[in-house]
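When you read off a place in the sequence shown, starting at 1, and then add 62, the result is the number in the numbering used here. We put the CB at the ideal spot given by N, CA and C, even for glycine.
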Amino acid sequence: MSAIKKCLFPAAGYGTRFLPATKAMPKEMLPIVTKPLIQYGVEEAMSAGLTGMAIVTGRGKRAIEDHFDISYELEHQIAGSSKEALLDDTRKIIEECTFTYTRQVEMKGLGHAILVGGELIGNEPFAVILADDYCVNEGGDTVLAQMVKLYEKYQCSIVAIEEVPEDEVYKYGVIEGEEEEPGVYRLSNMVEKPPVEEAPSNLAIIGRYILTPDIHDRIRSTPPGKNGEMQITDALMAQAKEGQVIGYRFKGRRFDCGSVEGFIEATNYTYQQQNS
Ligand code: UTP
63 MSAIKKCLFP AAGYGTRFLP ATKAMPKEML PIVTKPLIQY GVEEAMSAGL
113 TGMAIVTGRG KRAIEDHFDI SYELEHQIAG SSKEALLDDT RKIIEECTFT
163 YTRQVEMKGL GHAILVGGEL IGNEPFAVIL ADDYCVNEGG DTVLAQMVKL
213 YEKYQCSIVA IEEVPEDEVY KYGVIEGEEE EPGVYRLSNM VEKPPVEEAP
263 SNLAIIGRYI LTPDIHDRIR STPPGKNGEM QITDALMAQA KEGQVIGYRF
313 KGRRFDCGSV EGFIEATNYT YQQQNS
C-alpha cells in the first residue's frame, strides 16, 4: 500500500483566459470532448491508487460538487437505454472515492490554495493535480502513478518537470539541479516565471506534485512573492535547499488546458485517439 492516499485539486482560480465561458462555470468543468478536465484529473489520481479527493473550490464552482454526485433523475431517464453506459466512469468514481471540499475565499495564489486545502489532508504526504494541465501517456503508467512509484524510493517532495522552449520559460517555475538518474533531478533551486536570461534551465514545473506534510509550515513561513501571491515555488525552494525535492521528467505528454490553444490541441488529440 502506498503512503499517499489523498490528492488535492486546487480549483479556485477564476479561469479568466476562458471568459466568457468561465463567467458562471468553473474552468475545471470545461470538457475535453465529453469529459470535464477535473474528471481526467480524478481518474489519474485513481490510477495511482489514490481514493481521497480533496478539492479547493471558490465562488461559482458548485458544478464540480454536483458532477461527483449521483443525479437520480438523470440516471432514471437514461436507465436501460444505450446512453446508460455514458455515466459508467462517473459511477465508478463515486463508488470508489471520497470527496471533500473547502473554499478558498480569496485567490491568493497556488501556495495559498494548497495551504487552505491542507485542512482536508492532515499530516501525511499527498499529491496535487492542477486539472488544467491535462496529461496523457498512451498505454503506460499515468504521470501521477509514475510519481507515486518514485516517491516510494525518494520519500521527499516530487515535482513533475517538462522541457519547454526557451521563449516560454517566463510562464513557469523553472528548476536548477543535478541529474541523479536519467530524468530524475535533485533540485537545488527554483525560479518562478523568470525572464529567459535569468532562467537556470528550460525545465519547467507542471501541475503534478507530491508534497511532504512539512510543506504546510513552509508555505506559512514564506512571505508572499510576486504580486503579493503565495507561490508554491517559494515553499518548495525551502525544501530544495535541504535537498528534499526531486524533479521528475515524466513519460507522457501534457496539454496546457489553462490556455485556449492548449485546450484546442488537447481536444483534437483526444477526439482523434477516441476515433482511431
Ligand atoms: P492559473 O493561474 O493557471 O489559473 O492557476 P487561473 O487563475 O484560474 O487562470 P487564468 O490565468 O485566470 O485564466 C493554476 C491552478 O491553480 C489554481 C487554479 O484553479 C488552477 O487550477 N489556483 C490558482 C487556485 O486554486 N487558487 C489561486 O488563488 C490561484
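Quiz item: If you measure from the CB of Ala74, is any heavy atom of ligand 1 nearer than 7 Å?
Solution: Your numbering for residue 74 matches position 12 in the sequence shown. Taking 7 Å as the cut-off, the C-beta of Ala74 counts as close to a heavy atom of ligand 1.
Quiz prompt | Cβ-Cβ separation, Thr162 to Leu182 (assumed contact under 8 Å), whole Å | solution = Taking the first residue of the sequence shown as position 1, residue 182 is located at position 120. Taking the first residue of the sequence shown as position 1, residue 162 is located at position 100. With 8 Å as the limit, Leu182 and Thr162 qualify as a contact, their Cβ atoms being about 5 Å apart.
Quiz item: Are Val221 and Ile267 closer than 8 Å when you measure CB to CB?
Solution: The residue given as residue 221 occupies position 159 in the sequence shown. The residue given as residue 267 occupies position 205 in the sequence shown. Pairing Val221 with Ile267 gives a Cβ-Cβ distance under 8 Å.
Quiz item: Could you give the distance in angstroms between the alpha-carbon of Ile223 and the alpha-carbon of Tyr232?
Solution: Within the sequence shown, numbered from 1, the residue matching residue 223 stands at position 161. Within the sequence shown, numbered from 1, the residue matching residue 232 stands at position 170. So the two alpha carbons sit approximately 15 Å from each other.
Practice problem: Kindly list the residues whose CB is nearer than 6 Å to the CB of Tyr347, restricted to its own chain and excluding five residues on each side of it in sequence; keep chain order. | Solution: Nothing can be reported for residue 347, as the shown portion of the chain is limited to 63 through 338.
Quiz item: Which of helix, strand or coil does DSSP assign to Thr160?
Solution: Translated into the one-based positions of the sequence shown, residue 160 becomes position 98. Correct three-state label for Thr160: strand.
Exercise. Pick helix, strand or coil for Val226, following the three-state DSSP scheme.
Key: Within the sequence shown, the letter at position 164 stands for residue 226. Of the three classes helix, strand and coil, the one that applies to Val226 here is coil, per DSSP.
Self-check item: Exposure label - Tyr102; buried when at least 16 CB within 10 Å
Solution: Residue 102 sits at position 40 when you count from the first residue of the sequence shown. Under this definition Tyr102 is a buried residue.
Self-check item: Beta-carbon spacing of Pro187, Pro286 below 8 Å
Solution: As a first step, residue 187 must be located in the sequence shown, where it is residue number 125. As a first step, residue 286 must be located in the sequence shown, where it is residue number 224. Contact flag unset, no.
Quiz item: Apart from the five residues just before and just after Glu260, which ones in its own chain have a Cβ nearer than 8 Å to its Cβ?
Solution: Position 198 of the sequence shown, counted from the first residue, corresponds to residue 260. Within the same chain, Glu260 has close Cβ partners Val253.
Quiz prompt | Own chain partners of Arg311 with C-beta closer than 6 Å, once the 5 adjacent residues on each side are dropped | solution = As a first step, residue 311 is located in the sequence shown; it is residue number 249 there, counting from the start. Around Arg311: Ile223, Gly245.
Quiz item: Counting along the chain, where does the alpha helix (DSSP H) carrying Val210 start and finish?
Solution: Numbered from 1 along the sequence shown, position 148 holds the residue referred to as residue 210. Start and end: 205 to 216.
Quiz item: CB Ile176 to CB Leu99, shorter than 8 Å?
Solution: Taking the first residue of the sequence shown as 1, we reach residue 176 at position 114. Taking the first residue of the sequence shown as 1, we reach residue 99 at position 37. Going by C-beta atoms, Ile176 is not nearer than 8 Å to Leu99.
Practice problem: Check whether the Cβ atoms of Ile126 and Ala65 lie closer than 8 Å to each other. | Solution: Locating residue 126 in the sequence shown gives position 64, where the first residue counts as 1. Locating residue 65 in the sequence shown gives position 3, where the first residue counts as 1. Not a contact, by the Cβ cut-off of 8 Å.
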